[in-house]
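Asks:
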Amino acid sequence: MGQRLLELVFAGGDEPQLVEIRFTDRVASRTCVSVRGKTSGAFRDVGTFQWTSAVRAMCSLMVRTKIASLDEGEPVMVGITGGLGSSAASLDYALTKQPRWICEMFGTDGRGSALAQRLFLRTNSNRKRPGPVTIAVNEKLLAASDLSIFLENQRIDSIEKLQGLSLLVDGALRPRAEVAKAVKIAA
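Under our numbering, the sequence shown has 207 at position 175, and the numbering climbs by one with no breaks.
1. Starting from the Cα of Asp178, find the closest Cα among Asn185, Val169, Glu184 and Gln149 and give me that residue.
2. Tell me which residues share the same chain as Ala120 and place their Cβ nearer than 8 Å to its Cβ, disregarding the 5 neighbours each side in the sequence.
3. When the distance is taken between beta carbons, is Leu40 closer than 7 Å to Ile53?
4. CA-CA distance, Asp124 and Asp77?
5. If Cys64 and Gly79 are in contact, beta carbons under 8 Å, what's the gap, nearest whole angstrom?
6. Find out if the Cβ-Cβ distance for the pair Ala146, Thr97 is shorter than 7 Å.
7. For the alpha helix (DSSP H) holding Val51, just list the boundary residues, first then last.
8. From Gly7 to Met109, what does the alpha carbon distance come to, in whole angstroms?
9. DSSP puts Gln186 in a beta bridge; with which residues?
10. Can you tell me which of the three DSSP states Arg88 falls into?
11. Using the rule of at least 16 other Cβ atoms within 10 Å of the residue's Cβ for burial, across every protein chain shown, is Leu174 buried or exposed?
12. Tell me whether the beta-carbon of Leu194 lies closer than 7 Å to the beta-carbon of Val95.
13. What is the residue span of the alpha helix (DSSP H) that Cys138 lies within?
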């Protein structure tokens, strides 16, 4: 086991959505737990998040990273890429702006900066130059082997089941991306 562990818990059958995330940072001796919703409700001392484009993008990236780690072929680095209005751009924006949900989800360092900024590697962050932004998991800080994915409280360790989950999570991203592009073209 590594220095950090991440558990993603999905529910929802044919339309799975992230309902809980647990991030353990053994270096800082803490575990951050966040549940889906605007308020934590019955849960105490946990963060909250909504099922936004940025959260869906993070889930897509994590599931794809886990799939790549289980594939016995040539090792590859997995990332998500997108331009203006894409889910990758939404995640990039969240990593830059450090909203409360991302700080609650991954914690902060001693200066109050979101640890998520170091957990993800970004190219063309904030799209400062022409072209898309690309985001990948920083495997020096979070190894894919320390990533666990659960669907309906069952741990998923097979490539086939993870690919099925990936298709469903990615499918939730496509309509919004197409709408965003259509709005941009129409405007």
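Just so you know, even glycine gets a beta-carbon here, dropped at the ideal spot from N, CA and C.
Replies: Put simply:
1. Position 146 of the sequence shown holds residue 178. Minimum Cα distance to Asp178 is reached at Val169.
2. Counted from its first residue, the sequence shown places residue 120 at position 88. Excluding sequence neighbours, Ala120 sits near Ala89, Ile112, Thr113, Gly114, Pro164, Val165, Thr166 and Ile167.
3. For this step, residue 53 is matched to residue 21 along the sequence shown. For this step, residue 40 is matched to residue 8 along the sequence shown. In contact: Ile53 and Leu40 (Cβ atoms closer than 7 Å).
4. For the purposes of this step, residue 124 is identified with residue 92 of the sequence shown, where counting begins at 1. For the purposes of this step, residue 77 is identified with residue 45 of the sequence shown, where counting begins at 1. A direct Cα-Cα distance of roughly 27 Å separates Asp124 from Asp77.
5. One-based indexing of the sequence shown puts residue 64 at position 32. One-based indexing of the sequence shown puts residue 79 at position 47. Between Cys64 and Gly79 the beta-carbon gap is near 7 Å, inside 8 Å, which marks them as a contact.
6. As a position in the sequence shown, residue 146 is number 114, starting the count at 1. As a position in the sequence shown, residue 97 is number 65, starting the count at 1. Going by C-beta atoms, Ala146 is not nearer than 7 Å to Thr97.
7. Here residue 51 corresponds to residue number 19 of the sequence shown, with the count starting at 1. Val51 -> not in any alpha helix (DSSP H); beta strand (DSSP E) instead, spanning Gln49 to Asp57.
8. Because residue 7 is not part of the residues shown, which for the chain are 33 to 219, the question remains open.
9. As a first step, residue 186 is located in the sequence shown; it is residue number 154 there, counting from the start. Looking at the DSSP assignment, Gln186 forms a beta bridge with Leu183.
10. Residue mapping note: residue 88 aligns to position 56 of the sequence shown, counting from 1. DSSP places Arg88 in helix when its eight states are reduced to three.
11. Residue mapping note: residue 174 aligns to position 142 of the sequence shown, counting from 1. The residue in question, Leu174, is buried, as its Cβ has 16 or more Cβ neighbours within 10 Å.
12. The residue labelled residue 194 in the question sits at position 162 within the sequence shown. The residue labelled residue 95 in the question sits at position 63 within the sequence shown. Taking 7 Å as the Cβ cut-off, Leu194 and Val95 qualify as a contacting pair.
13. In the sequence shown, counting from the first residue as 1, residue 138 sits at position 106. It should be noted that the sequence gives Phe, not Cys, for residue 138. Unbroken alpha helix (DSSP H) run through Phe138: Arg132 to Phe138.
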